[in-house]
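Working notes for the structure below.
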């Protein structure tokens, strides 16, 4: 039997004990969010929820390993497979099991960065789009185009959708419009070449997982029955595709718990958007919200200085961190 958690703050206890339905935990820096996730996991296990029905997603492999180590150390109940994974690791496993239903072979491989560059090079050399290709500098737009493709996939925009959108743009004589239309054709050709080689990139794994859940109701039903509880760390670092994946996995049970802090979003260059925190509130308007505001890491002067700076962001979620470590020397620059 898993022992009851001790030493938690009132807010942490509320988050851990939340019974059913969507839950947003707004966790400031140093407020013990990882412990809350672990204790919530332990509580579910203590209530008889099988380990294989709990899916806990993190943003990095390091974070997944940390949480899994703590879960395995503290969970004394017999367990089947534990699902503590990164988004992409989960999506790869999902597609290996179900991807054939949307044309993804079980033997697919994750494409290397070098091969992505080579494929984009081959597309440009084959198409030679006037606004994107220069014979004297044939490779100068490759990185830019790969970045564009990455963002399109993160926003769940397919090649055909981008081609259609670019085709509707006004201004046939506008070089910007022409470049967009050329980029759309480049995206479509690039993706076709990728699939011919039975390769996917990391963003593809999320994209095709979302499409599969949207277009195959039986698959979505199986997944929502398989994972009856979802927990997500560092939610502020998710992009739109990842956020949409979570919503679909939650299914009708909607037992989705996300932990995030808009003040700590660091992956905007990868398409992450703190708007997903606000989107969560709109998708799940009845979600319970718990704020973790007791900081166990820093002293008073540091928290107050950081708070004054961060408060200038008009779109941040309101929270006021309080130290548990007392005062210290004033902050100096």
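Numbering (the working numbering), first residue to last: 1494 to 1826.
By construction, the Cβ of each residue, glycine as well, lies at the ideal position given by its N, Cα and C atoms.
Computed from a predicted model, the values in this text were never measured in an experiment.
Could you tell me which of the options sits nearest to residue i, measuring between CA atoms?
{"i": "residue 1557", "options": "1577, 1548, 1539, 1516", "result": "1577"}
{"i": "residue 1714", "options": "1732, 1746, 1662", "result": "1746"}
{"i": "residue 1585", "options": "1595, 1574, 1568, 1603", "result": "1603"}
{"i": "residue 1546", "options": "1538, 1552, 1709", "result": "1538"}
{"i": "residue 1560", "options": "1736, 1534, 1581, 1637", "result": "1534"}
{"i": "residue 1531", "options": "1683, 1733, 1726", "result": "1726"}
{"i": "residue 1457", "options": "1505, 1750, 1785, 1609", "result": "No statement about residue 1457 is possible, as the shown extent of the chain runs from 1494 to 1826 and does not include it."}
{"i": "residue 1704", "options": "1735, 1690, 1728", "result": "1735"}
{"i": "residue 1522", "options": "1743, 1742, 1729, 1776", "result": "1729"}
{"i": "residue 1674", "options": "1744, 1681, 1659, 1627", "result": "1659"}
{"i": "residue 1698", "options": "1720, 1583, 1607", "result": "1583"}
{"i": "residue 1772", "options": "1732, 1742, 1708", "result": "1732"}
{"i": "residue 1711", "options": "1589, 1520, 1742", "result": "1742"}
{"i": "residue 1632", "options": "1744, 1612, 1515, 1596", "result": "1612"}
{"i": "residue 1619", "options": "1505, 1721, 1680, 1778", "result": "1680"}
{"i": "residue 1783", "options": "1671, 1754, 1768, 1644", "result": "1754"}
{"i": "residue 1549", "options": "1575, 1528, 1516", "result": "1575"}
{"i": "residue 1592", "options": "1780, 1513, 1505, 1691", "result": "1691"}
{"i": "residue 1657", "options": "1627, 1665, 1638, 1678", "result": "1678"}
{"i": "residue 1536", "options": "1775, 1513, 1562", "result": "1513"}
{"i": "residue 1694", "options": "1748, 1617, 1639", "result": "1639"}
{"i": "residue 1566", "options": "1553, 1528, 1600", "result": "1528"}
{"i": "residue 1854", "options": "1786, 1508, 1724, 1615", "result": "Only positions 1494 to 1826 of the chain appear in the structure, and residue 1854 is not among them; the question remains open."}
{"i": "residue 1551", "options": "1786, 1598, 1752, 1776", "result": "1752"}
{"i": "residue 1510", "options": "1750, 1768, 1770, 1778", "result": "1750"}
{"i": "residue 1540", "options": "1778, 1722, 1776, 1768", "result": "1722"}
{"i": "residue 1672", "options": "1555, 1627, 1598", "result": "1627"}
Counting C-beta neighbours from all protein chains within 10 Å, is the total for residue i 16 or more, i.e. buried, or is it exposed?
{"i": "residue 1764", "result": "In this prediction, residue 1764 scores a pLDDT of 46, lower than 50, which makes its location untrustworthy; the coordinate-derived value is nonetheless stated afterwards. Buried, since its Cβ has 16 or more Cβ neighbours within 10 Å."}
{"i": "residue 1805", "result": "Note on residue 1805: pLDDT 44, under 50, position unreliable in the model; the coordinate value appears next. Label assigned to residue 1805: exposed."}
{"i": "residue 1526", "result": "buried"}
{"i": "residue 1646", "result": "buried"}
{"i": "residue 1623", "result": "exposed"}
{"i": "residue 1701", "result": "buried"}
{"i": "residue 1661", "result": "exposed"}
{"i": "residue 1696", "result": "buried"}
{"i": "residue 1788", "result": "buried"}
{"i": "residue 1669", "result": "exposed"}
{"i": "residue 1503", "result": "exposed"}
{"i": "residue 1607", "result": "exposed"}
{"i": "residue 1687", "result": "buried"}
{"i": "residue 1496", "result": "Bear in mind that a pLDDT of 44 at residue 1496, under 50, signals an unreliable position, so the number given afterwards is only what the model happens to contain. Per the 10 Å Cβ criterion, exposed."}
{"i": "residue 1762", "result": "Note that residue 1762 scores a pLDDT of 45, beneath 50, so its modelled location is shaky; the value from the coordinates is reported in the next line. By the neighbour-count rule (16 or more Cβ atoms within 10 Å), residue 1762 is not buried but exposed."}
{"i": "residue 1663", "result": "exposed"}
{"i": "residue 1508", "result": "buried"}
{"i": "residue 1614", "result": "exposed"}
{"i": "residue 1616", "result": "buried"}
{"i": "residue 1748", "result": "buried"}
{"i": "residue 1630", "result": "exposed"}
{"i": "residue 1652", "result": "buried"}
{"i": "residue 1505", "result": "buried"}
{"i": "residue 1596", "result": "exposed"}
{"i": "residue 1500", "result": "exposed"}
{"i": "residue 1717", "result": "buried"}
Following the continuous beta strand (DSSP E) through residue i, name the residue where it begins and the one where it ends.
{"i": "residue 1547", "result": "1547 to 1551"}
For the alpha helix (DSSP H) that residue i lies in, which residues bound it at each end?
{"i": "residue 1538", "result": "1526 to 1539"}
{"i": "residue 1784", "result": "No alpha helix (DSSP H) contains residue 1784, which is instead part of the beta strand (DSSP E) from 1781 to 1785."}
{"i": "residue 1633", "result": "Where residue 1633 is concerned, there is no enclosing alpha helix (DSSP H), given that its DSSP letter is neither H nor E."}
{"i": "residue 1509", "result": "1503 to 1510"}
{"i": "residue 1773", "result": "1768 to 1776"}
{"i": "residue 1659", "result": "1652 to 1661"}
Quick one: what's residue i bridged to in DSSP?
{"i": "residue 1517", "result": "1751, 1782"}
Looking at chain C, is there any beta carbon in it that lies within less than 8 Å of the beta carbon of residue i?
{"i": "residue 1745", "result": "Note that chain C does not occur in the displayed structure, where there is just one protein chain."}
Practice task
Can you check the stretch 1687 to 1756 for any beta strand (DSSP E) of at least 3 residues that lies completely inside it and give the ranges in chain order?
Solution key: 1722 to 1725, 1749 to 1753
Practice task
Taking only runs that begin and end inside the stretch 1560 to 1612, name each unbroken alpha helix (DSSP H) of 4 or more residues, in chain order.
Solution key: 1580 to 1591
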